[in-house]
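Residue numbers (this note's numbering), protein chains in the order written: chain A, 248 to 779; chain B, 239 to 881. Every residue gets a Cβ at the ideal spot worked out from N, C-alpha and C, and that includes glycine. Report on the structure given below.
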Amino acid sequence: MLTAAIFTPIIAAVLFALWPLRRQQPAMTPPPPDDADPTPDPGAEAPMATAERALPTPGRPEEQLLQAAATLVAAVPLALLVASWIGFDSTGGFEQVQTLTWIPTLGVSYRVGVDGLSLPLATMVAFVFIAAIAYPVDLRGRAGSYFALMLFLEGVSIGLFLALDLFLFFVFWDLSLVGMYFLIGAWGHGDAARSALKFFIYTFSGSLALLLAILGLYLASDPRTFDMAQLIRQQPLSGTGVYASLVFLGFFLGFAIKTPLVPFHTWLPPAHVDAPAPASAILAGVLLKMGTYGFVRILLAMMPETFGHYAIPLGVLAVISILYGALVALAQSNLKRLIAYTSVNHMGYVILGVAVAGLAVSGEAKAQSLALTGAVVEMVAHGLITGALFLISGSVLARGSTYEMDVYGGLAERARMLTGVTVVAAFASLGLPGLAGFVAEIQIFAGALGVSPPLAIIGLLGILITAALFLRMLQRLFLGPLPVRWRGFPDLTLQETVVLGAMLFFVVFIGVAPARLLDVIDSFARPFVGRI
Amino acid sequence: MNAIILPALPLAGALLVAALPPRTRLGGPVAVAILVVTLALGAWAAASEPASSWPWSPLIRPSLQVEGFSRMMVVLVPAIAVPVVAYAAATERDALPRLLALMVAFVGAMLLLVTAADFVALLIGWELVGAISWALIAHHWSDRRNAGSAAQAFLTTRAGDLGLYAAAGVTFAESGSFSFAGLARMDAVPLAAVAAGVVLAAAAKSAQLPFSPWLFSAMAGPTPVSALLHSATMVAAGAYLLIKLSPMLSQVAWFPAVVASLGLATAIAGGVVALLQTHPKRLLAGSTSAQYGFMFMAVGAGYPAAAAAQLVTHAAFKSLLFLGAGTAIHVSDGEDLLRMRLRRAVPLIAALSAIGALALAGVPFLGGAWSKDRIIASTLAYAPWLGAGALVAAFLSGAYIFRYHVLAYGAPREPQEPPATGTHARAPGRVETGAVAALTALTLLLSLLWLPGAGRIFEDTLGGRLPTPAAWEFAASLLLLLLAAAVVVALSRLDVLGTLALPAGRQRSGADWLALPTLSRVLVAAPVLAISRLLAALDQRLIDAGVRGAAATAGLASRLLSLRIEWSVDGIVTLLARSTLGGARASRQSDDAFVDRAVEDAAAGVGVAGRLSRRLQTGFTHQYYVVVALGLIVVVALLAFQL
Numbered sequence: 248m249l250t251a252a253i254f255t256p257i258i259a260a261v262l263f264a265l266w267p268l269r270r271q272q273p274a275m276t277p278p279p280p281d282d283a284d285p286t287p288d289p290g291a292e293a294p295m296a297t298a299e300r301a302l303p304t305p306g307r308p309e310e311q312l313l314q315a316a317a318t319l320v321a322a323v324p325l326a327l328l329v330a331s332w333i334g335f336d337s338t339g340g341f342e343q344v345q346t347l348t349w350i351p352t353l354g355v356s357y358r359v360g361v362d363g364l365s366l367p368l369a370t371m372v373a374f375v376f377i378a379a380i381a382y383p384v385d386l387r388g389r390a391g392s393y394f395a396l397m398l399f400l401e402g403v404s405i406g407l408f409l410a411l412d413l414f415l416f417f418v419f420w421d422l423s424l425v426g427m428y429f430l431i432g433a434w435g436h437g438d439a440a441r442s443a444l445k446f447f448i449y450t451f452s453g454s455l456a457l458l459l460a461i462l463g464l465y466l467a468s469d470p471r472t473f474d475m476a477q478l479i480r481q482q483p484l485s486g487t488g489v490y491a492s493l494v495f496l497g498f499f500l501g502f503a504i505k506t507p508l509v510p511f512h513t514w515l516p517p518a519h520v521d522a523p524a525p526a527s528a529i530l531a532g533v534l535l536k537m538g539t540y541g542f543v544r545i546l547l548a549m550m551p552e553t554f555g556h557y558a559i560p561l562g563v564l565a566v567i568s569i570l571y572g573a574l575v576a577l578a579q580s581n582l583k584r585l586i587a588y589t590s591v592n593h594m595g596y597v598i599l600g601v602a603v604a605g606l607a608v609s610g611e612a613k614a615q616s617l618a619l620t621g622a623v624v625e626m627v628a629h630g631l632i633t634g635a636l637f638l639i640s641g642s643v644l645a646r647g648s649t650y651e652m653d654v655y656g657g658l659a660e661r662a663r664m665l666t667g668v669t670v671v672a673a674f675a676s677l678g679l680p681g682l683a684g685f686v687a688e689i690q691i692f693a694g695a696l697g698v699s700p701p702l703a704i705i706g707l708l709g710i711l712i713t714a715a716l717f718l719r720m721l722q723r724l725f726l727g728p729l730p731v732r733w734r735g736f737p738d739l740t741l742q743e744t745v746v747l748g749a750m751l752f753f754v755v756f757i758g759v760a761p762a763r764l765l766d767v768i769d770s771f772a773r774p775f776v777g778r779i
Numbered sequence: 239m240n241a242i243i244l245p246a247l248p249l250a251g252a253l254l255v256a257a258l259p260p261r262t263r264l265g266g267p268v269a270v271a272i273l274v275v276t277l278a279l280g281a282w283a284a285a286s287e288p289a290s291s292w293p294w295s296p297l298i299r300p301s302l303q304v305e306g307f308s309r310m311m312v313v314l315v316p317a318i319a320v321p322v323v324a325y326a327a328a329t330e331r332d333a334l335p336r337l338l339a340l341m342v343a344f345v346g347a348m349l350l351l352v353t354a355a356d357f358v359a360l361l362i363g364w365e366l367v368g369a370i371s372w373a374l375i376a377h378h379w380s381d382r383r384n385a386g387s388a389a390q391a392f393l394t395t396r397a398g399d400l401g402l403y404a405a406a407g408v409t410f411a412e413s414g415s416f417s418f419a420g421l422a423r424m425d426a427v428p429l430a431a432v433a434a435g436v437v438l439a440a441a442a443k444s445a446q447l448p449f450s451p452w453l454f455s456a457m458a459g460p461t462p463v464s465a466l467l468h469s470a471t472m473v474a475a476g477a478y479l480l481i482k483l484s485p486m487l488s489q490v491a492w493f494p495a496v497v498a499s500l501g502l503a504t505a506i507a508g509g510v511v512a513l514l515q516t517h518p519k520r521l522l523a524g525s526t527s528a529q530y531g532f533m534f535m536a537v538g539a540g541y542p543a544a545a546a547a548q549l550v551t552h553a554a555f556k557s558l559l560f561l562g563a564g565t566a567i568h569v570s571d572g573e574d575l576l577r578m579r580l581r582r583a584v585p586l587i588a589a590l591s592a593i594g595a596l597a598l599a600g601v602p603f604l605g606g607a608w609s610k611d612r613i614i615a616s617t618l619a620y621a622p623w624l625g626a627g628a629l630v631a632a633f634l635s636g637a638y639i640f641r642y643h644v645l646a647y648g649a650p651r652e653p654q655e656p657p658a659t660g661t662h663a664r665a666p667g668r669v670e671t672g673a674v675a676a677l678t679a680l681t682l683l684l685s686l687l688w689l690p691g692a693g694r695i696f697e698d699t700l701g702g703r704l705p706t707p708a709a710w711e712f713a714a715s716l717l718l719l720l721l722a723a724a725v726v727v728a729l730s731r732l733d734v735l736g737t738l739a740l741p742a743g744r745q746r747s748g749a750d751w752l753a754l755p756t757l758s759r760v761l762v763a764a765p766v767l768a769i770s771r772l773l774a775a776l777d778q779r780l781i782d783a784g785v786r787g788a789a790a791t792a793g794l795a796s797r798l799l800s801l802r803i804e805w806s807v808d809g810i811v812t813l814l815a816r817s818t819l820g821g822a823r824a825s826r827q828s829d830d831a832f833v834d835r836a837v838e839d840a841a842a843g844v845g846v847a848g849r850l851s852r853r854l855q856t857g858f859t860h861q862y863y864v865v866v867a868l869g870l871i872v873v874v875a876l877l878a879f880q881l
C-alpha cells in the first residue's frame, strides 16, 4: 500500500512526460513571457485600460483535462495514506513495513513503513500536492512536463517520509532537489534560472554533507546497515568525540540548510519569489519539512546522546531563526518574500520544540514529549497554512502582476473571497487559537518553558512580531481605499476557492479537533522521549 | 447538558448571521434572538453549574466549568449584549451582517473565556476575543487609519497575551497539566512567574498602564462595538481573570501591592485623561481604564468580591453611557463634545444617559455607588495610601462624568440657541431608544444591591468577603461627589467646562493618554521597525555575501586549477573521444550490423561527453563550483571509506 503511494505518481509522471511529445508539438507556440517583468505596466494606471483585468486564461481544454487527470493521480497516494491511518494502531514502532532487498552487499534495502511521525507528515504532503497540482498556473504551453514533474516530486517526497532505509532516504532527498530545480527554472518568473541554480547548489552542498554523515553513521554501525529501525536500536554513535561530532555536524548542515535555519536560509527567499506559486507551496509545505523531519528522524532518534549535548546551541539557533525570520519578514514589501521569511520563523518553532525534546535533562519527560508533539504538529500545520498562503500569493500575482504590496490596497471591496481566505490563513499563521498553528505553538512553548525557560520566553516574542507582520500585510493588500487601477480586480475563481477552501478546512479542523492527530503523533513522541 | 453549548451556540450562530442574505434585513432579529437564547442558557448554566471537557491528548484537556464568578459572567455577558446588538442593528448601516455576526461571535468567544477551567481553553477564548475585536475595530476598513488602529489594539493586547502563554507553560511544567486547579499545588517561584504572566495579560486586556492607549485606538470601531468591548467583553476579561485567579495568586508576596499600585496609577491617570478629553467616546474610554483600575485596586487589596461587584455594575452603566454617546454622535453629526449639549434635541436619551452618569459617579442609591463604596472600603482596609488614592480617583470620576454629561446632554447655554443637530441628524428610533432604556433598567435594577443582605450574593458566589464601609467613608465619598459636582457647575458657569481654560495643545496631549502613545511609538514600535529594516537590508547583503563569497572562492580555485590542468584534462578527453570515434569508424566496416550500431551509439555518446566536458571551461563560476563540489564528494568519500 505504501509502495503504491510512492510509485503511482512516479509511474504516472512518466506517462505525463510522454504526453505532449505526441500530441502538442505541432500546436505549440511559445507563449509570450507575459509576467517576466514584475513591475506593472505603466499604461495600467489609466482607468480605461483596467476596467476589467483579465485572469490568466484557464488554458486549453486539453490542459484542463491533463490537470484533472494529474489531480486524480495525485489523490491516489492520499487515499492510500488515509487507508493507512485507518489501519494504524499507535503501537509506537514502525508499522506496515515493506522490505525488498536492493543492494545486499552494502546492506541497502528498499524499506518503507510508517510511525506516528511519518504518517501525519506523509499525509499532509500528499494533500498539499493535490492542492498544488489542482491550482491554476501559467503552464507556458508545457502542461505535460509540468504535471509530470509535479507527480514525480510527489512520489519522491512521499517516499522520503516513508523510507526506512538511510540510503533510500538519501536517494529520495536528492531526487526531490532535481524535481524542484526544474520546476523553478522552467516555470518560474523573474530571475528564475539564477534562483533555481542557487537553490540547487546551496541545498545540494547540504546534501553532500548529509551523504558524508550517512556514510559516517553507516561505517560506525555494527553490523553495518542502512536500516533506520536498526540504527535507532543500535545507537552506533554517542558522546561528543570527534567522529560523532563530525557526523552530527554533517547531518546538521544538511538539515539546517534544507529547513532552513538562520544563517543558512539565504537560498530560500529568491527561490520562493521566482518560483511559480504551486512550486512555492511545495517548497515551503513539503521540502522544508524534509529538513525538520531529518532532525527528528535521524539526529534525535539515532544520535540522541550527541544531540543532547548540542541541544542548547541548536535551541539558540532556533530562537534566532524565530526572531530573525519574523523581524526580516516584518520589513518586507514583497508579499512572497514576506511569506518566505515567515517560514524561517515557523521552522524556528519546530526546531525549538525538537531541541528541547532532545535536551539531556531528567524529570521533564512530560514537557519534552509535549514539545516534540508540538513540533510535529507545527510541521503539518505549516505545510497547510503556508502552502495556502503561497497559493494565494500566486493568485495575487496573476491578477496584479506584482508582489509589491504597496501597489495594492482596498482589495477587500472587490475580492471578498480572496480577502476571507487570506485573513484566515494569516491568522492561522500567526497562531490564532481555533486554527492549526495554535495547537502546535502552545505545545512547543509550554514544553520549552518546562525545559529551558529563557529560550521559550525569548522565542515567545516571535508570535507578537508575526502578528504585527501579518496584520500589516492584510492592511496593505486589502484595507484602505481601493486605488482606481484595481477597480476591475477579479475575485477568486471557483477552482481557486475550492482548493484554498479545502486546505483551510483542515487548518480549522486540526485547530478545533486535533485529538486524532495528536493521538497518532503522541504514539511516536511519548515513548520516544521516555527513551532518551 | 454540556457547558460547551454556551460558547458554541453564539459562535455557530454567528455563522448563520453572516450567511443570511443581506437584503432580507433579518440579521438584527436573528442576532438578537440568538443572544436571547444564549442569555437563557447562561441563566440555566448559572443555576446548574455544568462542566465539560474536550480532550485533545492525555496532556491537554481544554475544559469548561461554570462556577464561582463564571456564574455571574455567563448571565452578564449576554444580558449586556442583547440591547447593544439590537442598538447596532438599528443604527449601523455599513456591512451590517458582518458587524452583527462578529458581535455575536464576540459574545461566544467571551463566554468561552469566562467558562474556561484551564489555561488552554482560556487562551482560546482570550485570543479569539482579541482577534474578533481586531475585525470589529477595523469594521470601516476603507479608511486606512481604522485598519491601523485595529492593528494597534490587537498588537497591544497580544503583547499581554504572551504573559498568558508563559503562565500556561509554567503551570504545565510545574503541575503536569494546564488546569487552574494545579496552581494551588505550585511552589513559590513558579507561582510568582504565573502571577507575573497573568498580571501582564490582565493589565493589557483591561487597558491598565502602560497599555491604556489601545482603548483609544479601539474607538475607530462603531459605537456599539465600544459599548460591548468596554463593558462585558474584551476589557472585562482582564479583570475577570485577576478576580478568578486572585485567591491562588495572592500568595505571591508582591502580587497585592503590584496589582493595587497598577490599579491606582491607572485610576488616577485615566481620570485625568478623561477629564481633559473633548471627544465623547475617548472620554468614556479613559474612564473605562480608570474604572478597571478600581477593580485592580480591590483585587490587590484582597477583596476580589468587591472588584466583581464593580465589574457587574460598571458593565451596566458603561454600556448605557456608550450607547448614549453613540446617539449623541449620530444626532450632532460629529464627535466634538464642545458642540453637543443635546438635552433639548433628545430629552429622553439625555435623561437615560444621566442615570448612567450618576451610577458611574457613585450617587446613592444606584448600584454603581454601592460597588464603589465597597472598593473604597477595601482600599482603606488594605493601606491608608491606597485608600487616599482611591478617594482622589473617585473624585476625578465624579468630575469627568459630570463634565461629560453637561457637555453632551446638558441644556444649551443660550436658551434660544437651536439644538446642535447636524445635517445628517435623525431622531433616535424606537429600537435605539428601547436598547438604551433596557440598559438603564438594568442599571436601576442593580440599585437593589443596597437592600440589606443583597450584597451577600457576591460573597456567596465568589467565596470571599466584602468590606462594610464605615459611616465616615460613606460621608467622605459623598462629600467628594458634591465637590466634583460643584467644580463642574462652576466651570460651566465660567464657560470653560470644555476647554478647562488650558492651552489647546496642552489639553490635547494630556488628553491623549499624557503622551503615552508617542512614548510607546518612540520606545517600542519605531525601534522594532528600524531593527527589522536593518536586518532585512543586511540579510541578503551580508549573510548571503558569505555564501556568494564561498562560491566565488570555489570558482576562483577551480579556475586556477583549470589553468594548470586545462590542457591535460581537455587533451585526455579529446583523445578519448577521438580514439573512440576512430574505433567506431573502424568497427563500422565490420559486417555485424548489430555490434556496429551499438558501438556507434556509444561512440556518439562519448563524443557528446567529450564536447560537453570541453564545455566545462565556460568561465561561469557556478559551473566550476559544481565540478569542484563533485570532486570534493569523491575525495571525501574515498577518505571516509579509508577511515
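With respect to chain A, the C-beta atom of residue 562 of chain B has no partner C-beta closer than 8 Å. Listed along chain A are 578, each with a C-beta nearer than 7 Å to that of residue 771 of chain B. For residue 332 of chain B, no CB of chain A lies under 8 Å from its own CB, so it is not counted at the interface with that chain.
Taking a cut-off of 8 Å for Cβ pairs, the segment 524-532 of chain A and the segment 474-486 of chain A do not touch, as fewer than three such pairs fall below it. Distance from the Cα of residue 270 of chain B is smallest, within the candidate group B/557, B/333, B/339, B/313, for B/339.
By the C-beta density criterion, residue 592 of chain A is buried, having at least 16 other C-beta atoms within 10 angstroms.
Using a Cβ-Cβ cut-off of 7 Å, residue 680 of chain A is close to 361, 362, 365, 366 of chain B, given in chain order.
Contact with chain B is found for residue 660 of chain A, since one of that chain's Cβ atoms lies less than 8 Å from the residue's Cβ. Taking a C-beta distance under 8 Å as the contact criterion, residue 668 of chain A and residue 758 of chain A do not qualify as a contact pair. Here residue 610 of chain A is exposed: its Cβ has fewer than 16 other Cβ atoms, across all protein chains shown, within 10 Å. By the C-beta density criterion, residue 839 of chain B is exposed, having fewer than 16 other C-beta atoms within 10 angstroms. Taken through DSSP and simplified to helix, strand or coil, residue 699 of chain A comes out as coil. With its beta carbon at least 8 Å from every one in chain B, residue 471 of chain A lies outside the interface. Unbroken alpha helix (DSSP H) runs of no fewer than 4 residues, entirely contained in the segment 741-822 of chain B, are found at 742-749, 754-758, 764-776, following chain order.
Here the segment 448-455 of chain B does not lie against the segment 328-348 of chain B, with fewer than 3 beta-carbon pairs under 8 Å apart. In chain order, 592, 709, 712, 713 place their CB closer than 6 Å to the CB of residue 573 of chain A, counting only its own chain and leaving out the 5 sequence neighbours on each side. The bridge partners DSSP lists for residue 381 of chain B come to none. Runs of the alpha helix (DSSP H) lying entirely within the segment 701-747 of chain B and spanning at least 4 residues, in chain order: 709-731. Under the three-state reduction of DSSP, residue 357 of chain A is assigned to strand. Residue 688 of chain A and residue 679 of chain A have their C-alpha atoms some 10 Å from each other. Distance from the Cα of residue 358 of chain B is smallest, within the candidate group B/605, B/456, B/403, B/600, for B/403. Under the three-state reduction of DSSP output, residue 294 of chain B falls in the coil class, being neither helix nor strand. Secondary structure note for residue 343 of chain A: its beta strand (DSSP E) is the uninterrupted segment 342-350.
Among the bridge pairs identified by DSSP, residue 301 of chain B is matched with B/291. At a cut-off of 8 Å between beta-carbon atoms, residue 438 of chain A makes no contact with chain B. Around the CB of residue 752 of chain A, fewer than 16 other CB atoms lie within 10 Å, so the residue is classed as exposed.
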